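Student:
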Amino acid sequence: MEGAQPGPGASPPHSDSAEVLLHGVFALLGAAPKASYALSLTRGRELRMQRVGSAPAGPSAALDLADCIGCVAGREPQPGPAAYFSVFCYPFRKGWWDASPSRQRLARTFRVCVAQEAEDNLKLAEKWAGKIRELAAPRIPRQEGVTWGLLPRPCHILVLLNPQSGTGHALQLFHSLVQPMLAEADVAFTLFVTERPNHARELVRAGDLSQWDAVAVLAGDGLLYEVVNGLMEREDWQAAIKKPLCTLPGGSGNALSASINHYAGNTQAFRKELLTNCTYFLCKGLYAPMDLVSLSTASGKRLFSFLSFGWGFISDVDIASEKYRQLGNARFTVGTIQQLAGLKVYKGRLSYLPMETSSSVSSAPGSPSEQNSHHVPCSNGHPLHILPQPAPGAPEPPHKRSWPEDPLLVPFDQPVPKHWTTVPEEEFISIFAIYQSHVGADFTMAPTAKLHDGSMHLFYLKAGVSRLGLLRIFLAMEKGTHLDLNCPHLHYVPVRAFRLEPFASTGLMTVDGEPLACEPVQGQVHNQLCSIISGS
Numbered sequence: 033m034e035g036a037q038p039g040p041g042a043s044p045p046h047s048d049s050a051e052v053l054l055h056g057v058f059a060l061l062g063a064a065p066k067a068s069y070a071l072s073l074t075r076g077r078e079l080r081m082q083r084v085g086s087a088p089a090g091p092s093a094a095l096d097l098a099d100c101i102g103c104v105a106g107r108e109p110q111p112g113p114a115a116y117f118s119v120f121c122y123p124f125r126k127g128w129w130d131a132s133p134s135r136q137r138l139a140r141t142f143r144v145c146v147a148q149e150a151e152d153n154l155k156l157a158e159k160w161a162g163k164i165r166e167l168a169a170p171r172i173p174r175q176e177g178v179t180w181g182l183l184p185r186p187c188h189i190l191v192l193l194n195p196q197s198g199t200g201h202a203l204q205l206f207h208s209l210v211q212p213m214l215a216e217a218d219v220a221f222t223l224f225v226t227e228r229p230n231h232a233r234e235l236v237r238a239g240d241l242s243q244w245d246a247v248a249v250l251a252g253d254g255l256l257y258e259v260v261n262g263l264m265e266r267e268d269w270q271a272a273i274k275k276p277l278c279t280l281p282g283g284s285g286n287a288l289s290a291s292i293n294h295y296a297g298n299t300q301a302f303r304k305e306l307l308t309n310c311t312y313f314l315c316k317g318l319y320a321p322m323d324l325v326s327l328s329t330a331s332g333k334r335l336f337s338f339l340s341f342g343w344g345f346i347s348d349v350d351i352a353s354e355k356y357r358q359l360g361n362a363r364f365t366v367g368t369i370q371q372l373a374g375l376k377v378y379k380g381r382l383s384y385l386p387m388e389t390s391s392s393v394s395s396a397p398g399s400p401s402e403q404n405s406h407h408v409p410c411s412n413g414h415p416l417h418i419l420p421q422p423a424p425g426a427p428e429p430p431h432k433r434s435w436p437e438d439p440l441l442v443p444f445d446q447p448v449p450k451h452w453t454t455v456p457e458e459e460f461i462s463i464f465a466i467y468q469s470h471v472g473a474d475f476t477m478a479p480t481a482k483l484h485d486g487s488m489h490l491f492y493l494k495a496g497v498s499r500l501g502l503l504r505i506f507l508a509m510e511k512g513t514h515l516d517l518n519c520p521h522l523h524y525v526p527v528r529a530f531r532l533e534p535f536a537s538t539g540l541m542t543v544d545g546e547p548l549a550c551e552p553v554q555g556q557v558h559n560q561l562c563s564i565i566s567g568s
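Numbering of the sequence shown is given in this note's numbering, commencing with residue 33 and proceeding in unit increments.
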């Protein structure tokens with residue numbers, strides 16, 4: 033046991049003394065009137081506090097160290113031998129104005145003055161602070177086939193920030209919310225503010241990343257898309273893409289941040305609440321593997337995506353609402369209403385490899401998939417135009433030669449394999465493949481998705497749905513109940529790979545919310561290719 037002896041009225045440390053690691057009595061700084069507390073640090077990761085010095089003893093309370101992001105110790109600035117240790121926690125609390133609990137800052141500083149020598153008091157304060165940090169460290173989950181990790185302590189992170197993201201307040205949010213939390217967690221950082229599109233991509237593609245333990249992005253999903261593809265364009269991409277990434281919501285969509293918040297079991301959060309949750313994850317330092325999807329186009333492009341691929345209505349809403357980014361999340365509501373007024377039909381052929389189908393399974397003779405696999409895809413008797421591939425002898429950058437292969441895909445001038453499924457209909461309102469749970473902070477499109485489930489969640493909406501029916505689907509998507517509507521035009525299937533062949537270059541496609549010219553595209557999942565800061 034360490035610290036001052038319990039004063040009058042103090043209760044025993046704990047009924048099971050074997051669970052108590054440290055015990056002492058210290059003054060709580062900032063309390064009015066001045067009060068002393070008997071503290072017990074337990075194996076159950078709690079800091080139990082009971083007010084002493086009065087009879088009867090005051091009520092007991094406890095800080096759950098799972099909510100603790102840091103603890104620091106030092107000498108008091110005033111002359112004298114006293115030292116202190118400060119505990120920084122972010123528990124879920126419900127205010128009178130809150131519909132649901134949110135993480136709120138709770139800091140407690142205790143004065144340590146049990147010895148005459150300043151050095152002895154400082155050692156005791158540092159002992160408490162060190163033990164609290166040890167108990168506050170997250171427990172690494174054990175999951176077969178999945179390797180989680182923990183950032184080292186101390187650690188140094190690179191923060192990439194787009195000041196134009198969302199409502200344009202990302203830099204202000206960093207200084208007012210993120211930076212103080214990083215300081216409390218003793219996480220050092222280097223801030224890099226982007227000045228133009230692809231600025232972050234250029235930095236991570238050519239920069240020395242060895243000085244940082246993680247790369248955090250404070251912006252929308254678009255900046256993380258730049259970072260992922262910049263890392264994949266490095267000659268040492270195999271090592272670079274494994275450096276833990278972190279998404280801090282500063283844009284208007286913030287789909288990955290909302291997804292990670294969802295995976296942690298938290299209730300839906302927006303704006304500062306969501307940013308607080310994601311910064312808390314960064315301070316705790318736990319990271320998990322995340323799937324990436326390799327997308328190839330008929331013109332020879334290859335992209336890596338962490339969130340989604342889309343064509344049709346949802347992509348149109350995303351791109352058309354970009355001019356309303358100052359509205360934050362409300363931009364998508366405005367964009368939806370606009371696109372409903374001029375609803376479009378997109379013609380093309382969609383094929384996919386379902387999750388439950390292995391590559392060794394072939395379709396039964398005479399099935400639609402078998403029939404579609406023996407000729408160039410057609411629409412109304414007219415062959416689909418396939419854009420030319422790059423010349424076989426064209427030089428490739430060195431990193432592309434070692435990129436992971438796409439064994440589930442075949443060249444565009446060949447039909448999809450026989451065991452794939454081809455959708456018989458050729459007119460769609462929207463086609464959307466998402467690999468996370470959320471398509472926006474307030475749109476839960478695939479509630480069962482996981483960071484590393486090895487699948488894309490493919491949704492396609494066939495032509496014929498009414499505007500009212502489409503609106504109902506989008507309203508239900510806020511709670512992830514759109515499939516409960518049993519709309520006959522809406523189809524959902526988890527897939528390992530897909531191919532989309534538009535019959536005309538109509539509309540824009542999107543990858544992680546970024547525009548892509550309309551052309552034939554195919555993609556497959558690469559399981560656990562990168563790492564992302566996450567909750568447990």
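Cβ atoms here follow ideal geometry from the backbone N, Cα and C, with glycine treated the same way. Just so we're clear, the structure is a prediction, and the values are computed from it rather than from any experiment.
Roughly how many angstroms lie between the CA atoms of R185 and C519, to the nearest whole one?
Tutor: Translated into the one-based positions of the sequence shown, residue 185 becomes position 153. Translated into the one-based positions of the sequence shown, residue 519 becomes position 487. Cα to Cα, R185 sits roughly 51 Å from C519.
Student: In the DSSP assignment, what residue or residues form a beta bridge with D438?
Tutor: Translated into positions along the sequence shown, residue 438 becomes position 406. Per DSSP, none; premise fails for D438.
Student: Exposed or buried, I565, counting other C-beta atoms within 10 Å across all chains shown (16 or more means buried)?
Tutor: Here residue 565 refers to the residue found at position 533 when the sequence shown is read from its first residue. Buried, by the Cβ-count rule.
Student: Taking the alpha-carbon of K494 as reference, which of P281, A272, G317 and K376 has the nearest alpha-carbon?
Tutor: Counting from one through the sequence shown, the residue named residue 494 turns up at place 462. Here the closest residue by C-alpha is K376.
Student: I'd like to know whether the C-beta atoms of Q468 and L256 end up nearer to each other than 8 Å.
Tutor: Residue numbering aside, residue 468 sits at position 436 when the sequence shown is read from its first letter. Residue numbering aside, residue 256 sits at position 224 when the sequence shown is read from its first letter. Their beta carbons are not under 8 Å apart, which means Q468 does not touch L256 by this criterion.
Student: Answer with buried or exposed for R171, where buried requires no fewer than 16 other C-beta atoms within 10 angstroms of its C-beta.
Tutor: Position 139 of the sequence shown, counting from 1, holds the residue named residue 171. With fewer than 16 Cβ atoms within 10 Å of its Cβ, R171 is classed as exposed.
Student: Select from R228, L182 and A271 the residue whose C-alpha is nearest the C-alpha of W435.
Tutor: Looking up residue 435 in the sequence shown gives position 403. Nearest C-alpha to W435: A271.
Student: If you draw a straight line from the alpha carbon of V84 to that of N309, how long is it in whole angstroms?
Tutor: What you label residue 84 is simply residue 52 of the sequence shown in a count that begins at 1. What you label residue 309 is simply residue 277 of the sequence shown in a count that begins at 1. Their backbone Cα atoms lie some 34 Å apart in a straight line.
Student: Identify the residues that DSSP records as bridge partners of G555: which are they?
Tutor: Here residue 555 is taken as the residue at index 523 of the sequence shown, counted from 1. Its beta-bridge partners are L327 and F530.
Student: Judging by CA-CA distance, which residue of L277, P281 and H523 is the nearest neighbour of T199?
Tutor: Here residue 199 refers to the residue found at position 167 when the sequence shown is read from its first residue. Comparing Cα positions, the closest option is P281.
Student: What residue ranges within the segment 186-245 form continuous alpha helix (DSSP H) runs of no fewer than 4 residues, ordered along the chain?
Tutor: Entirely contained in the segment 186-245, the alpha helix (DSSP H) runs reaching 4 residues are, in chain order, 202-205, 211-216 and 231-238.
Student: With a Cβ-Cβ cutoff of 8 Å, do L183 and D245 count as a contact?
Tutor: The residue labelled residue 183 in the question sits at position 151 within the sequence shown. The residue labelled residue 245 in the question sits at position 213 within the sequence shown. Going by C-beta atoms, L183 is nearer than 8 Å to D245.
Student: Report yes if the C-beta distance between A570 and K379 is below 8 Å; otherwise report no.
Tutor: One cannot answer for residue 570 here, as it falls past the ends of the chain, which runs 33 to 568.
Student: Could you tell me whether the segment 525-535 touches the segment 480-497, using the rule of 3 or more Cβ pairs below 8 Å?
Tutor: A contact exists between the segment 525-535 and the segment 480-497.
Student: To which residues of the same chain is V442 closer than 8 Å at the C-beta, ignoring the five residues directly before and after it?
Tutor: Along the sequence shown, one-based indexing puts residue 442 at 410. Same-chain partners within the cutoff: V448 and P449.
Student: For the beta strand (DSSP E) that contains F506, what are its first and last residues?
Tutor: As a first step, residue 506 must be located in the sequence shown, where it is residue number 474. Taken as a continuous stretch (DSSP letters only), F506 belongs to no beta strand (DSSP E), being part of the alpha helix (DSSP H) at R499 to M509.
Student: Report yes or no: do the segment 128-144 and the segment 161-170 share at least 3 C-beta pairs separated by less than 8 Å?
Tutor: No contact exists between the segment 128-144 and the segment 161-170.
Student: On a Cα-Cα basis, can you pick out the residue from L540, Q148 and A98 that is closest to P113?
Tutor: Locating residue 113 in the sequence shown gives position 81, where the first residue counts as 1. The option with the nearest alpha carbon to P113 is Q148.
Student: Kindly list the residues whose CB is nearer than 6 Å to the CB of F120, restricted to its own chain and excluding five residues on each side of it in sequence; keep chain order.
Tutor: Counting from one through the sequence shown, the residue named residue 120 turns up at place 88. Counting only Cβ-Cβ distances below 6 Å, and skipping sequence neighbours, we find I101, G102, A139 and E216.
Student: Using CA atoms only, rank isn't needed, just tell me which of G254, L235, T226 and R135 is closest to P547.
Tutor: Counted from its first residue, the sequence shown places residue 547 at position 515. Comparing Cα-Cα distances from P547 to each of G254, L235, T226 and R135, the minimum goes to G254.
Student: Do the segment 553-567 and the segment 320-332 touch if we need at least three Cβ pairs shorter than 8 Å?
Tutor: Contact holds: three or more Cβ-Cβ distances are below 8 Å.
Student: Tell me the DSSP bridge mates of T542?
Tutor: Start at 1 with the first residue of the sequence shown, and residue 542 comes out as number 510. Looking at the DSSP assignment, T542 forms a beta bridge with G342 and P547.
Student: Within its chain, find whatever has a CB closer than 7 Å to the CB of F124; leave out the 5 residues flanking it on each side and keep chain order.
Tutor: The residue given as residue 124 occupies position 92 in the sequence shown. Cβ neighbours of F124 beyond the five flanking positions: P133, S134 and R135.
Student: Tell me whether T299 sits in a helix, a strand or coil according to DSSP, three-state version.
Tutor: For the purposes of this step, residue 299 is taken as residue 267 along the sequence shown, with counting starting at 1. Three-state DSSP puts T299 in coil, outside helix and strand.
Student: Where does the unbroken alpha helix (DSSP H) through L263 begin, and where does it stop?
Tutor: Residue 263 sits at position 231 when you count from the first residue of the sequence shown. From DSSP, the alpha helix (DSSP H) with L263 extends over D253 to M264.
Student: List the endpoints of the continuous alpha helix (DSSP H) containing Q270.
Tutor: Within the sequence shown, numbered from 1, the residue matching residue 270 stands at position 238. W269 to A272 is the extent of the alpha helix (DSSP H) around Q270.
Student: Taking its Cβ as the centre, do 16 or more other Cβ atoms sit within 10 Å of D240, making it buried, or is it exposed?
Tutor: Translated into the one-based positions of the sequence shown, residue 240 becomes position 208. By the neighbour-count rule (16 or more Cβ atoms within 10 Å), D240 is not buried but exposed.
Student: Which residues share a DSSP beta bridge with V455?
Tutor: Here residue 455 refers to the residue found at position 423 when the sequence shown is read from its first residue. Note: V455 sits in no beta bridge, so no partner.
Student: Since G262 and A232 should fall inside the 8 Å C-beta cutoff, what is the C-beta to C-beta distance between them, to a whole number of angstroms?
Tutor: Position 230 of the sequence shown, counting from 1, holds the residue named residue 262. Position 200 of the sequence shown, counting from 1, holds the residue named residue 232. Right, their Cβ atoms sit about 7 Å apart.
Student: Ordered along the chain, which non-local residues of its own chain (more than five positions away) have a Cβ less than 6 Å from that of A67?
Tutor: In the sequence shown, counting from the first residue as 1, residue 67 sits at position 35. Closer than 6 Å at Cβ, skipping near neighbours: L60 and R83.
Student: Who are the near neighbours of P479 in its chain, counting only those whose CB is closer than 8 Å to its CB and skipping five residues on each side?
Tutor: Working through the sequence shown from its first residue, we reach residue 479 at position 447. Answer for P479: H294, S469 and G512, listed in chain order.
Student: Taking buried to mean at least 16 other C-beta atoms within 10 Å of its own C-beta, is K432 buried or exposed?
Tutor: Translated into positions along the sequence shown, residue 432 becomes position 400. Under this definition K432 is an exposed residue.
Student: Mapping the DSSP letters down to three states, classify E78 as helix, strand or coil.
Tutor: The count along the sequence shown starts at 1 and reaches residue 78 at position 46. E78: strand per DSSP, three-state reduction.
Student: Roughly how many angstroms separate the alpha carbons of F460 and S383, rounded to a whole number?
Tutor: Walking along the sequence shown from the start, residue 460 turns up at place 428. Walking along the sequence shown from the start, residue 383 turns up at place 351. Approximately 13 Å between the Cα atoms of the pair.
Student: Distance check for C278 and E166, CA to CA, integer angstroms please.
Tutor: Within the sequence shown, numbered from 1, the residue matching residue 166 stands at position 134. Within the sequence shown, numbered from 1, the residue matching residue 278 stands at position 246. When rounded, the distance between both Cα atoms is 23 Å.
Student: Report, in whole angstroms, the separation of the C-beta atoms of W343 and L532, which I expect to be a contact under 8 Å.
Tutor: Walking along the sequence shown from the start, residue 343 turns up at place 311. Walking along the sequence shown from the start, residue 532 turns up at place 500. Confirmed, about 6 Å.
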